[in-house]
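Chains as they are written, first to last, in our numbering: chain V, 1 to 137; chain Z, 1001 to 1495.
We treat Cβ as the ideally placed atom computed from N, Cα and C, and that holds for glycine.
Report on the following structure.
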Amino acid sequence: MLSIKNLHVSVHNTTILQGIDLTIHAGEVHAIMGPNASGKSTLAHVLAGREGYEITAGAVRYAGQDLLGMSPEERAYAGVFLAFQYPVEIPGVNSAYFLRTALNAMRQHRGLKELSARDFLALLKEKMHLVEMDQSC
Amino acid sequence: MNTAATLIDQEYTPSTVEALVTQEYKWGFVTDIEAETVPRGLNEDIVCRISAKKHEPAWLLQWRLKAYRYWTTLEKSAAEPQWANVHYAPIDYQDIIYYAAPKTQQDRPQSLDEVDPKLLETYEKLGIPLSEQKLLAGVAVDAIFDSVSVATTFKEKLAELGIIFCSFSEAVQEHPDLVREYLGSVVPYNDNFFAALNAAVFSDGSFCYIPKGVRCPMELSTYFRINAKDTGQFERTLIIADADSYVSYLEGCTAPMRDKNQLHAAVVELIALDNAQIKYSTIQNWYPGDKNGKGGIYNFVTKRGKCLGKHSQISWTQVETGSAITWKYPSCILQGDHSIGKFYSVALTNNYQQADTGTKMIHIGKHTKSTIISKGLSAGHGQNTYRGLVRIQKGATGARNYSQCDSLLLGDQCGAHTFPYLEVRNNDSVVEHEATTSKISEEQLFYCRQRGISAEDAVSMIVSGFCKEVFRELPMEFAVEAQKLLGVSLEGSVG
């Protein structure tokens, strides 16, 4: 499903990743561990397509496609999801609106009808219940 | 997959947020209509001619002439305002045509059916059908094409309530007493250079009077359009809200694409008597010039409201996306005790646009309150300035002001400037000022894109969030229009 071959990445001419090789098959769960500054986040960001990283060597294939040649949103559509340790705040945009915009961007890409605010709210409540999230706030 | 915190999460050069470029102006068409104009240039004869064309009473002509003479003294002493943070080549006031009217105006249309179909087509293109369909939307429209008011819809329906909503010229004929009493009472003819010019040559505009105790049931609206070449537009709007009345008024504007700059110097006067409330919203989308800064409208406008009565309220909401240069400070004179003034503004400058805009809140009455929320967006080489004055007079005890000025920069070639002036002349008033300057961060963009939102949609969402406090002050349908307009004006902004 995901195959990383000999990946070299540098930031501001400092080499961070030096030849990562990793193959993950569908259905597998992997945890990448290591001390601070060992390049865990760099790997995650490079896979998700964040700017500011220079890929000096190597290749990444995902579901038969060249992952590194895709834009961040194309990778998102293909199923690459990055959970942010510190999600950024966008002033004036509430979480529900953000989530709905993201969901609808995805639905649109898949040729599905956009969810109305009302339908989305119902879905949101259902999922919040599922993960036992407090709905009072 | 979970990411751990590492040093990579810090330092970013926001390379994604690039300078804004290329956006086509969609309202740049020219309507091929024969126009009746006065000769180019300005002198007493031109002023008299304009007045004569409108069959004005002698007092009004005298007022115009006083204004003209005052303006010439200013012009001779080169007293055109220089303090604003905008730069432009000197304007040749003798090279402007001060009056242009579609020819059919010779015999004024009595109803919509008589209006030149081409004009109506123009308004359709602008998305403001003058047809009765608008009734459903609850908007009564007065449309100003070049210098004259073309048609006013729903006049009869409003008349049943005693509301007067008509062109300025008509008001001069039909309601001379009201016009004479209030004209120049908020913005005198000698207020400033452009106000004096306007007073001398203003050609038309809207007039509105809401009688005592009446709540205007629909949004009143004026659409301004400059069509003819080399003309200036000088309209004048006067709104009077009598005691215990309420009115919400909307104003929109567009102009064709011309590579020469055109001057728009309007004056708006609002008067609110006891307990009256006026809500004035503007969506200004004059032609901003091309992406190299050629052409575009000089929007030099004086807008002021006077809260004359106690507990009266005036609120200005503006969304400024057009014009090559904007020089505009919708202000409130809070004269009545407990009166309230509000100013909500979004100003966008892209390419080579310049805006110097803000407000003045003059607290005179006791326990007067004012709120200022200003959102400046700069992109491309745009320069955006907030300039505001909050003055608390000695007698304005217990006055209260809150100001918030936020600037958002898109790209690294643009600028945001803030000049707040606060003058407090007593010691029991409270004045607050908050300001922020921010950029769209690469991190915010990446976060959105990682969730499948395209860069352009992400910018548009971030900008809408930034402007939310202002947009929610706009009537619903205009809020949607404003949001779209910002989206369009920023298109192609991110690489």
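Less than 8 Å separates the beta-carbon of Z/Glu-1080 from that of Z/Phe-1193. For V/Pro-87, the number of other beta carbons within 10 angstroms of its own is below 16, and it is reported as exposed. Between the stretch 1436-1450 of chain Z and the stretch 1273-1293 of chain Z, the count of C-beta pairs closer than 8 Å stays below three; the two stretches do not touch. Burial of Z/Asp-1242 is indicated by the presence of at least 16 other C-beta atoms within 10 angstroms of its C-beta. Secondary structure at Z/Arg-1236: strand, using DSSP grouped into helix, strand and coil.
At a cut-off of 8 Å between beta-carbon atoms, V/Glu-73 makes contact with chain Z. Within the same chain, and ignoring the five residues on either side of V/Leu-82 in sequence, the residues whose Cβ sits closer than 8 Å to its Cβ are Ala-44, His-45, Leu-47, Ala-48.
Closer than 9 Å at the C-beta level to chain Z, one finds these residues of the stretch 44-66 of chain V: Ala-44, His-45, Leu-47, Ala-48, Gly-49, Arg-50, Glu-51, Gly-52, Tyr-53. Rounded to whole angstroms, the separation of the alpha carbons of Z/Ala-1272 and Z/Phe-1343 is 16 Å. Nearest neighbour of V/Gln-65 by Cα position, chosen from V/Asn-94, V/Gln-135, V/Val-131, V/Ile-4, turns out to be V/Ile-4. Against chain V, the beta carbon of Z/Gln-1450 has neighbours under 7 Å at Ala-48, Pro-72, Ala-76, Leu-82, listed in chain order. Secondary structure at Z/Gly-1213: coil, using DSSP grouped into helix, strand and coil.
Comparing alpha carbon positions, the residue from Z/Cys-1414, Z/His-1338, Z/Lys-1212 closest to Z/Gln-1383 is Z/Cys-1414. Only buried fits Z/Asn-1198, as 16 or more other CB atoms lie within 10 angstroms of its CB. In the DSSP assignment, Z/Pro-1420 falls within the unbroken beta strand (DSSP E) covering 1415-1424. Nearest neighbour of Z/Gly-1184 by Cα position, chosen from Z/Arg-1064, Z/Ile-1046, Z/Gly-1309, Z/Asp-1337, turns out to be Z/Arg-1064. Checking the DSSP bridge columns, you'll see Z/Phe-1478 has no partner listed. Per DSSP, Z/His-1363 is one residue of the beta strand (DSSP E) stretching across 1354-1363. Assignment of beta-bridge partners to Z/Gly-1376 by DSSP yields Z/Ala-1347, Z/Ser-1407.
Counting C-beta atoms within 10 angstroms of its own C-beta, Z/Pro-1090 has fewer than 16 neighbours from the protein chains shown and is therefore classed as exposed. Here DSSP, grouped into helix, strand and coil, assigns Z/Trp-1063 to helix.
Comparing alpha carbon positions, the residue from Z/Tyr-1280, Z/Leu-1308, Z/Lys-1157 closest to Z/Val-1186 is Z/Leu-1308.
Residue pairing from DSSP leaves Z/Asp-1412 without any beta-bridge partner.
Between the C-alpha atoms of Z/Trp-1083 and V/Leu-103 there is a straight-line separation of about 49 Å. If you ignore the 5 residues before and after Z/Leu-1474, its C-beta comes within less than 7 Å of the C-beta of Ser-1281, Thr-1317, Ala-1482, all in its own chain and listed in chain order. Shown in chain order are the members of the stretch 83-99 of chain V whose Cβ falls below 9 Å from a Cβ of chain Z: Ala-83, Phe-84, Gln-85, Tyr-86, Pro-87, Val-88, Glu-89, Ile-90, Pro-91, Gly-92, Val-93, Asn-94, Tyr-97, Phe-98, Leu-99. Looking from the CA of Z/Phe-1165, the closest CA among Z/Tyr-1182, Z/Tyr-1209, Z/Phe-1419, Z/Gly-1205 belongs to Z/Tyr-1209. Residue environment analysis places Z/Met-1461 among the buried positions, since at least 16 neighbouring C-beta atoms fall within 10 angstroms of its C-beta.
Any Cβ of chain V closer than 8 Å to the Cβ of Z/Lys-1310 would place that residue at the interface, and such an atom is absent. Under the Cβ criterion of 8 Å, V/Ala-105 is counted among the residues facing chain Z. Exclusion of the five residues before and after V/Lys-113 leaves Arg-107 as the residues of its chain whose Cβ lies within less than 8 Å of its Cβ. In the DSSP assignment, V/Asp-66 is bridged to V/Arg-61. Listed in chain order, the alpha helix (DSSP H) runs fully inside the stretch 2-69 of chain V are 40-48, counting runs of at least 4 residues.
Residue nearest to Z/Tyr-1189 within the set Z/Phe-1478, Z/Asn-1401, Z/Ala-1067, Z/Ser-1407 is Z/Ala-1067 (criterion: CA-CA distance).
Z/Thr-1368: not part of any beta strand (DSSP E); DSSP gives it neither H nor E. Residues are counted here when their Cβ sits less than 8 Å from a Cβ of chain V; for the stretch 1456-1477 of chain Z these are Asp-1457, Met-1461, Ile-1462, Ser-1464, Gly-1465, Phe-1466, Cys-1467, Lys-1468, Glu-1469, given in chain order.
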